[in-house]
Amino acid sequence: MQNTKSYVQEHKDRFINELIELLKIPSISADSTYEKEVVKTAYEIKKSLEKAGCDTVEICETPGYPIVFGEKVIDSDLPTVLVYGHYDVQPPDPIDLWDSPPFEPVIKKTELHPEGAIFARGACDDKGQMYMHVKALEFMTKTDQLPCNVKFMIEGEEEVGSESLGWFVEKNQEKLANDVILISDTGMIAKDVPSITTGLRGLSYVEVEVTGPNRDLHSGLYGGAVANPINVLAKMIASLHDQNNYITIPGFYDNVEELSKDERSEMAKAPFSLNEYKKSLNINAVYGEEGYTTNERNSIRPTLDVNGIWGGYTGEGAKTVIASKAYAKISMRLVPNQDWKEITELFKNHFESIAPEAVTVNITPHHGGQGYVTPVDSIGYKAASNAYRDTFGKTPIPQRSGGSIPIVSLFEKELKSKTILMGFGLDSDAIHSPNEHFGIWNYLKGIETIPLFYKHFTELSKDQ
Ligand code: BES
Ligand code: MN
Ligand code: MN
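For the sequence shown, this note's numbering begins at 2 and goes up steadily by one.
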């Protein structure tokens, strides 16, 4: 019987070309101009799941973008793996910083990817990683090695908060019943250091508006006598961290889970070079919460960041003006046990309370979600670990990630099953950034590794 490695070698050119076709469709969920393209992508995925061997594939309508749901049941006594992924992508802006157009995929070699990497928006997040699962299914059905049942649920709103998916999951618990959820939408430490993501941060995303005078004013006639909302907003934002970079919102840390010394020293064993980290980002020093390492700051600690700030005159030349309004978009990354709705409320109350009387503040919450941790002693984790061992020849390292996939905690709540995060991206793949790419080596390694997860999971399930 053919093994995954030789199947991948035999079909790799087609696997690459199929992904390239998918990457050409600009499925930008945040921008309604691309509505047709987003929907078209769902239909393309439906076709590819049918070709890969699903018995039934449905386009499930929602209040927003459709969810592609595919299924192959071989025996209801066998376990069921539910694969989740997303077909929407982030906007490509700033477009000027791309070396090639974001929706015209090209293969280029890089230092980390001497075999070549596919450059396009969505190459890694998440079309490339999602499509590895479609090709893994193709391998298992075409070579008659699918050991259990499989369901696919691919959504088109992950990058804007997965609202419709939340609605869909709550209504379809039975349809989505499974024994484990499998996702490739995260990263791994390095090509020679496989890792399994065991934690994700939660998120609270808010927009603030600060209003001063009822209209824009001449900054000479009024300057110094009325509040400038941009100055005020900058001051308010600056006060949200203290001199040690702790967040100053009262109650913000109340439920933060503190890791034990042992857990922290276990984390510190993961290979990491601060010098290389600084070099790769062109920075002279790292910056963050006192008392924590870089890897702790970006995974087990909560944060508050301004994602965008605007107001006043930003055109060419100089204009002397005091703007009427100033704005900022602020995200808070949360850790397990912090409730995102509670944190949003704490932020709102605090931000209103620190506003001087001379301005009014308006706060609009956007989306959010809970953090997630998955145990390393589940059979899902063991199956993933064995699969990596088979294809990388090494035991993968458990690693908590700083990113968020808010729907994962909802899966656990509604579907009562654990999620296994088998990510094959690298931090340097520039997801959400210009020149996003996905290494061909990573892509093919993913396709090679995933079927072994099914095999080990089915075998380990028998012993339960
Ligand atoms: N795939 C990412 C999340 C991710 C990337 C987790 C790398 C771990 C490692 C996902 O598409 C994403 O971008 N999520 C958003 C949140 C979402 C609600 C917009 C994020 O983390 O900013
Ligand atoms: Mn993603
Ligand atoms: Mn993303």
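Just so it is clear, CB atoms sit at the ideal spot from N, CA and C, and this is done for glycine as well.
Around V322, the same chain offers D217, L218, H219, S220, G313, Y314 as residues with beta carbons nearer than 8 Å, after the five sequence neighbours per side are excluded.
By the neighbour-count definition (other C-beta atoms within 10 Å, threshold 16), A118 is a buried residue.
The alpha carbon of V9 has as its nearest neighbour, out of G71, A235, P452, the alpha carbon of P452.
Bridge pairing for Y44: absent [DSSP].
In this structure, ligand 2 has a non-hydrogen atom nearer than 7 Å to the beta-carbon of H87. With distances taken between CA atoms, K73 lies nearest to P148 out of A319, G372, P148.
DSSP lists no beta-bridge partner residue for M131.
Annotated three-state conformation of L20 is helix, per DSSP. Per the Cβ contact rule, the stretch 285 to 294 is not in contact with the stretch 189 to 209 (fewer than 3 Cβ pairs under 8 Å).
Ligand 1 has no heavy atom closer than 7 Å to the beta-carbon of T375. Exposure of K25 is indicated by the presence of fewer than 16 other C-beta atoms within 10 angstroms of its C-beta. The beta carbon of I432 sits closer than 7 Å to at least one heavy atom of ligand 3. Following the DSSP letters along the chain, one finds T450 inside the alpha helix (DSSP H) bounded by residues 441 to 463. If only complete runs of 3 or more residues are kept, the stretch 310 to 375 shows the beta strand (DSSP E) at 326 to 335, 361 to 370, in order along the chain.
For I119, the enclosing beta strand (DSSP E) has its first and last residue at 118 to 120. In the displayed model, R202 falls within coil according to three-state DSSP, outside both helix and strand. Three or more Cβ pairs drawn from the stretch 22 to 39 and the stretch 100 to 107 lie within less than 8 Å of each other, which places the two stretches in contact. If you draw a straight line from the Cα of A388 to the Cα of P251, it comes to about 45 Å. Taking C-beta atoms under 8 Å as the contact rule, Y85 and M154 qualify, at a distance of about 5 Å. DSSP assignment within the stretch 61 to 85 yields the following whole beta strand (DSSP E) runs of 3 residues or more, N-terminal first: 68 to 73.
Looking only at A359, F16, G447, K279, the smallest Cα-Cα distance to T187 is reached by G447.
Here the alpha carbon of I310 sits roughly 21 Å from the alpha carbon of L335. DSSP lists F120 as the bridge partner or partners of V107. A residue is called buried when at least 16 other Cβ atoms come within 10 angstroms of its Cβ; K47 meets this threshold and is buried. Straight-line measurement puts the Cα of H87 at about 22 Å from the Cα of M141. When the alpha-carbon of D32 is set against those of I408, L427, E160, the nearest one is in E160.
Look at E156 here: in three-state DSSP terms it is strand. Here R216 carries a coil assignment [DSSP, helix/strand/coil]. Between I331 and V209, the C-beta spacing is below 8 Å. Apart from sequence neighbours up to five positions away, the residues of its chain that approach L347 with a beta-carbon distance below 8 Å are I250, P251, G252, F253, ordered along the chain. In this structure D89 touches S28 by the C-beta definition: roughly 5 Å separates them, less than 8 Å. Secondary structure at E208: strand, using DSSP grouped into helix, strand and coil. Of all alpha-carbon atoms in Y288, I301, I17, the one lying nearest the alpha-carbon of Q244 is that of Y288. In terms of side-chain proximity, the C-beta atom of E413 is found no nearer than 7 Å to any non-hydrogen atom of ligand 3.
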